[in-house]
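Q: Below are the structure tokens for one structure; questions will follow.
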Amino acid sequence: MIRKMMAEMTLREKIGQTGMPGPGVVYHGMKRCGSYGEYFKQYPFTGMYVLKSCMLDIEDVPFSSPEQAAGIYKEASEQAKIPLLFSCDSEGGANGLFSELHVISSNMMIGAAQAKELTYKRSYYYARELKRCGVNWSFSPVLDLITNFFSSSGVRCMSDTPDRVISLVPSIIRGFHDAGIAACAKHFPGGAGKEYRDAHVCNTRNTSTLEEWKNRCEPVWKTAVENGVDSFMTSHSSFPAVDPAVAANGGPIPGSASKKILDLLRKDLNFQGVVVTDDCGMKSLASAYTQEEVYVNCFNAGNDIILFCHDNYIDVMEQAVLDGRVSEKQIDESVERILKLKEKLGLFQGIQLEPALTEEENEEFDQVNYEIAKKGITLITNHYHAIPFQPEKVKRVAVINVSPDPRMMVHMKAMTDRFSEYGIQAELYERLKSKEQLKEISENNEIIIYSCYLRAGYKSLPWFYRPEDFDTLFHGLSWGAEKSVVVSFSLPSIYYNYFEDTGTYLNAYSPDAGTMRAFVDGLLGKFEFTGTSPVALKPEFK
């Protein structure tokens, strides 16, 4: 069927299958063309990337519910000559698309928990929620290893240890497949070595040797291939040990534009599925090439789909084929792989709308996130032997926010609500203003919790930088240290950077509601914290 379909496609239609624009490009195109269906008729792309945060500059975002979005995507797919792929990043769960859907425990949390069946259910249920939104291709799992203490990847990664990641890969992929969603392992080839910068905003380089990569990273990717992962996303970071070629800007050639690097995947690992670039507008790639060069060079390197392309993509690539810079044979090979993926997803039989999870399924999903947190939360220090606290002796708890992210005040409500279920009054403090304030807090509370959250990467510097945060850190723990608990709901590096000498410290990796509830329950002795750290807690200085 696929060969017959390809025989009836024009060159422009084939080229369109190798491009995937983002929601802003498609939305503005839809406004010009009158509908999503008409847009994809005029611009026969393979589909589109969808994510709410990518449309914040658009005032009249048309989707008010998962069902409405899925219905519009279904209609557009039915009007297109070839059914469409709808992709998204989803490491945090479908809540990134619609707020009524679940925020899930982070990848680093499952790396700490090492619970295969729970990991399967986590993947299965959040893939079901993605499908409800009309998504059929998830750009996950992230299989990069944390390779240095200062990595910008943060809790998107599961661990710095290959075996911890390898043990969970089959469960993750099986969960996606059982829900009817395509999985995408990223960001190949991984293994950044000593690199800590963020490829979104600067040129980044994988400093590993090829031998180091083969020993640590290759087994992880191999496991994904062996377990039937549908696709791979390539990293823009250069890898000079594999391809020392230099781009026009004087830096090493970006990984996604290197055939030598992609040959590690196509030839060494014998991966026959779809390969997609990371966002082609990221600085690590865009600073090396013009937009036209990005399209041509990334495709010639072996990527099947160029992500976040623009409307000019088909024109640019058609001209590149006509003047011999791109092989039509390679176009055909990529299109065949893409159509096989669509066939595997059943898209040629029509898109089936996914119903919402039942009440029982929602309850189980909530319980899955809670159970993962129970197994993953890691007690690092307990020098005062404060944990477990005895609930009958606790009447009041102070929860002090240590985060530049305003969303943490919302996330922490799940924590205070859980304390309320024990009959304990918990009060949130957005910051500490003075040691005198902390003295008063200490005199009136049996537990003081310092609730920390930092993101890694360009969107939030991996340290506390606001004056309010400095005040809290400066004054914190000066009173009531013996009754104080510091917990990071994000980066485990918060321990070494700020709280290495703290008497009671935990890493909880994730601010979702299940983790907040599990943290309170463990604190009050309902269960013992047994999680083990998935990453090194201190940097290595050589």
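All you need for our numbering is the position in the sequence shown, starting with 1, plus 333. Even glycine gets a Cβ: it sits at the ideal position worked out from N, Cα and C. Treat the numbers as computed from the prediction; the structure is a model and nothing was measured.
Given this structure, state the Cα-to-Cα distance separating valine 629 from alanine 653, to the nearest angstrom.
A: Position 296 of the sequence shown, counted from the first residue, corresponds to residue 629. Position 320 of the sequence shown, counted from the first residue, corresponds to residue 653. If I take the Cα positions, the gap works out to 7 Å.
Q: Where does the unbroken beta strand (DSSP E) through histidine 520 begin, and where does it stop?
A: Start at 1 with the first residue of the sequence shown, and residue 520 comes out as number 187. Looking at the DSSP string, the run of the beta strand (DSSP E) that includes histidine 520 is 515–521.
Q: For the pair the region 553–571 and the region 496–516, tell me if three or more CB-CB distances fall below 8 Å.
A: Touching, yes, given that three or more Cβ pairs across the two stretches are closer than 8 Å.
Q: Could you tell me the boundaries of the beta strand (DSSP E) in which glutamine 758 lies?
A: Here residue 758 is taken as the residue at index 425 of the sequence shown, counted from 1. Per DSSP, glutamine 758 belongs to the beta strand (DSSP E) from 758–762.
Q: Name the DSSP bridge partner or partners of glycine 380?
A: The residue given as residue 380 occupies position 47 in the sequence shown. Bridge partners of glycine 380: Leu418.
Q: Counting only runs of 4+ residues fully inside the region 802–837, write out the alpha helix (DSSP H) ranges in chain order.
A: Look at the region 802–837 and you find these whole runs of alpha helix (DSSP H), each 4 residues long or longer: 827–831.
Q: Compare the beta carbon distance of phenylalanine 572 and aspartate 612 with 7 Å and say whether it is the shorter of the two.
A: Here residue 572 corresponds to residue number 239 of the sequence shown, with the count starting at 1. Here residue 612 corresponds to residue number 279 of the sequence shown, with the count starting at 1. No, Cβ-Cβ distance for phenylalanine 572 and aspartate 612 is not below 7 Å.
Q: Measure the C-alpha to C-alpha separation of glycine 614 and glutamate 692 and round it to an integer number of angstroms.
A: Translated into positions along the sequence shown, residue 614 becomes position 281. Translated into positions along the sequence shown, residue 692 becomes position 359. The alpha-carbon atoms of glycine 614 and glutamate 692 are separated by roughly 41 Å.
Q: Which complete alpha helix (DSSP H) runs does the region 567–635 hold, if anything under 4 residues is left out?
A: 592–596, 616–619 and 624–634
Q: Going by DSSP, which residues form a beta bridge with alanine 731?
A: The residue you call residue 731 lines up with position 398 of the sequence shown. Note: alanine 731 sits in a beta bridge opposite Glu760 and Ile781.
Q: Grouping DSSP H, G and I as helix and E and B as strand, with all else coil, what is threonine 714?
A: To locate residue 714, count along the sequence shown from 1; it is residue 381. Reduced to three states, the DSSP call for threonine 714 is strand.
Q: Going by beta carbon distance, what residues of the same chain come within less than 8 Å of arginine 365, once the five residues before and after it are set aside?
A: Translated into the one-based positions of the sequence shown, residue 365 becomes position 32. Tyr372, listed in sequence order.
Q: Based on Cα-Cα distance, which residue from Gln412, Ile774 and Asp656 lies nearest to leucine 761?
A: Here residue 761 corresponds to residue number 428 of the sequence shown, with the count starting at 1. Taking only the C-alpha atoms, the option nearest leucine 761 is Ile774.
Q: Between Ala445, Arg764 and Glu779, which has its C-alpha nearest glutamine 758's C-alpha?
A: As a position in the sequence shown, residue 758 is number 425, starting the count at 1. Among Ala445, Arg764 and Glu779, the Cα nearest to that of glutamine 758 is on Glu779.
Q: Exposed or buried, which one is threonine 623 when buried takes at least 16 other CB atoms within 10 Å?
A: For this step, residue 623 is matched to residue 290 along the sequence shown. Exposed: under 16 other Cβ atoms inside 10 Å.
Q: For my contact list, phenylalanine 521 and leucine 598 are in at a C-beta cut-off of 8 Å; report their separation, rounded to the angstrom.
A: Taking the sequence shown and counting its residues from 1, the one referred to as residue 521 is at position 188. Taking the sequence shown and counting its residues from 1, the one referred to as residue 598 is at position 265. Indeed, because the Cβ distance is near 6 Å, the residues count as touching under 8 Å.
Q: For tyrosine 831, which residues from the same chain have a beta carbon less than 7 Å from its beta carbon, with the 5 sequence-adjacent residues on both sides left out?
A: Here residue 831 is taken as the residue at index 498 of the sequence shown, counted from 1. Taking C-beta separations shorter than 7 Å and ignoring five residues to either side along the sequence, the partners of tyrosine 831 in its chain run Leu806, following chain order.
Q: Should isoleucine 335 and leucine 672 be called a contact, given that it needs their Cβ atoms to be closer than 7 Å?
A: Counting from 1 along the sequence shown, the entry for residue 335 is found at position 2. Counting from 1 along the sequence shown, the entry for residue 672 is found at position 339. Their beta carbons are under 7 Å apart, which means isoleucine 335 touches leucine 672 by this criterion.
Q: For proline 587, count neighbouring Cβ atoms within 10 angstroms of its own Cβ and tell me buried if that reaches 16, exposed if not.
A: Locating residue 587 in the sequence shown gives position 254, where the first residue counts as 1. Its Cβ being crowded by 16 or more others within 10 Å, proline 587 is buried.
Q: Below 7 Å between beta carbons: does that hold for threonine 711 and glycine 864?
A: For the purposes of this step, residue 711 is identified with residue 378 of the sequence shown, where counting begins at 1. For the purposes of this step, residue 864 is identified with residue 531 of the sequence shown, where counting begins at 1. Going by C-beta atoms, threonine 711 is nearer than 7 Å to glycine 864.
Q: Check the C-beta distance from proline 737 over to arginine 799 and give it rounded, since I have them as a contact under 8 Å.
A: Here residue 737 refers to the residue found at position 404 when the sequence shown is read from its first residue. Here residue 799 refers to the residue found at position 466 when the sequence shown is read from its first residue. Confirmed, about 5 Å.
Q: Valine 868 and arginine 751: beta carbons closer than 7 Å?
A: For this step, residue 868 is matched to residue 535 along the sequence shown. For this step, residue 751 is matched to residue 418 along the sequence shown. Taking 7 Å as the Cβ cut-off, valine 868 and arginine 751 do not qualify as a contacting pair.
Q: So which of Gly362, Met381 and Arg497 has the shortest CA-CA distance to glutamine 375?
A: Here residue 375 refers to the residue found at position 42 when the sequence shown is read from its first residue. Nearest option by C-alpha distance: Gly362.
Q: Is it the case that the Cβ atoms of alanine 634 and alanine 590 are separated by a distance below 7 Å?
A: Taking the first residue of the sequence shown as 1, we reach residue 634 at position 301. Taking the first residue of the sequence shown as 1, we reach residue 590 at position 257. It is a contact, given that the beta carbons lie within the stated cut-off.
Q: Looking only at its chain, what residues have a beta carbon closer than 8 Å to the beta carbon of aspartate 390, apart from the 5 residues adjacent to it on each side?
A: Counted from its first residue, the sequence shown places residue 390 at position 57. The predicted position of aspartate 390 is uncertain, since its pLDDT is 43 and thus under 50; no value can be drawn from it.
Q: Can the beta-carbon of serine 410 be found closer than 7 Å to that of isoleucine 684?
A: For this step, residue 410 is matched to residue 77 along the sequence shown. For this step, residue 684 is matched to residue 351 along the sequence shown. Yes; because the gap between Cβ atoms is below 7 Å, this pair is in contact.
Q: Thinking just about the alpha-carbon of each residue, which of Val488, Tyr703, Ala574 and Gly467 is nearest to the one in serine 866?
A: The count along the sequence shown starts at 1 and reaches residue 866 at position 533. Residue nearest to serine 866 within the set Val488, Tyr703, Ala574 and Gly467 is Val488 (criterion: CA-CA distance).
Q: Does the count of Cβ pairs from the region 841–861 and the region 436–444 closer than 8 Å reach three?
A: yes
Q: Taking buried to mean at least 16 other C-beta atoms within 10 Å of its own C-beta, is cysteine 387 buried or exposed?
A: What you label residue 387 is simply residue 54 of the sequence shown in a count that begins at 1. Here cysteine 387 scores only 44 on pLDDT, less than 50, and its place in the model should not be relied on; the value that follows carries that caveat. Buried, by the Cβ-count rule.
Q: Give me the residue from Val468, Thr556, Arg455 and Asn469 with the minimum Cα distance to valine 498.
A: Looking up residue 498 in the sequence shown gives position 165. Closest option to valine 498, Cα to Cα, is Thr556.
Q: So, for lysine 407: in the same chain, excluding its five sequence neighbours on each side, which residues have a beta-carbon less than 8 Å away from its beta-carbon?
A: Translated into the one-based positions of the sequence shown, residue 407 becomes position 74. Answer for lysine 407: Gly467, Ile684 and Leu686, listed in chain order.
Q: Is it right to say threonine 351 is buried, meaning 16 or more other beta carbons lie within 10 angstroms of its own, or is it exposed?
A: Locating residue 351 in the sequence shown gives position 18, counting from the first residue. That one is buried.
Q: Leaving out five residues before and five after serine 793 in sequence, what residues of the same chain have Cβ atoms less than 8 Å from its Cβ?
A: As a position in the sequence shown, residue 793 is number 460, starting the count at 1. For serine 793, the predicted model reports a pLDDT of 44, less than 50, meaning its position is unreliable; a value from the coordinates is still stated below. Pro737, Asp738 and Leu787.
Q: For the alpha helix (DSSP H) that contains cysteine 366, what are its first and last residues?
A: As a working mapping, residue 366 is identified with position 33 in the sequence shown. It spans 356–366 - the alpha helix (DSSP H) in which cysteine 366 sits, taken as one unbroken run.
Q: Taking the straight line between their C-alpha atoms, what separation do you get for tyrosine 791 and proline 872?
A: Looking up residue 791 in the sequence shown gives position 458. Looking up residue 872 in the sequence shown gives position 539. Per-residue confidence for tyrosine 791 stands at a pLDDT of 46, beneath the threshold of 50, marking its modelled position as unreliable; the derived number appears in the next sentence. About 21 Å.
Q: In the DSSP assignment, find the beta strand (DSSP E) that holds leucine 640 and state where it starts and stops.
A: In the sequence shown, the residue the question calls residue 640 occupies position 307. Leucine 640 -> beta strand (DSSP E) spans 639–642.
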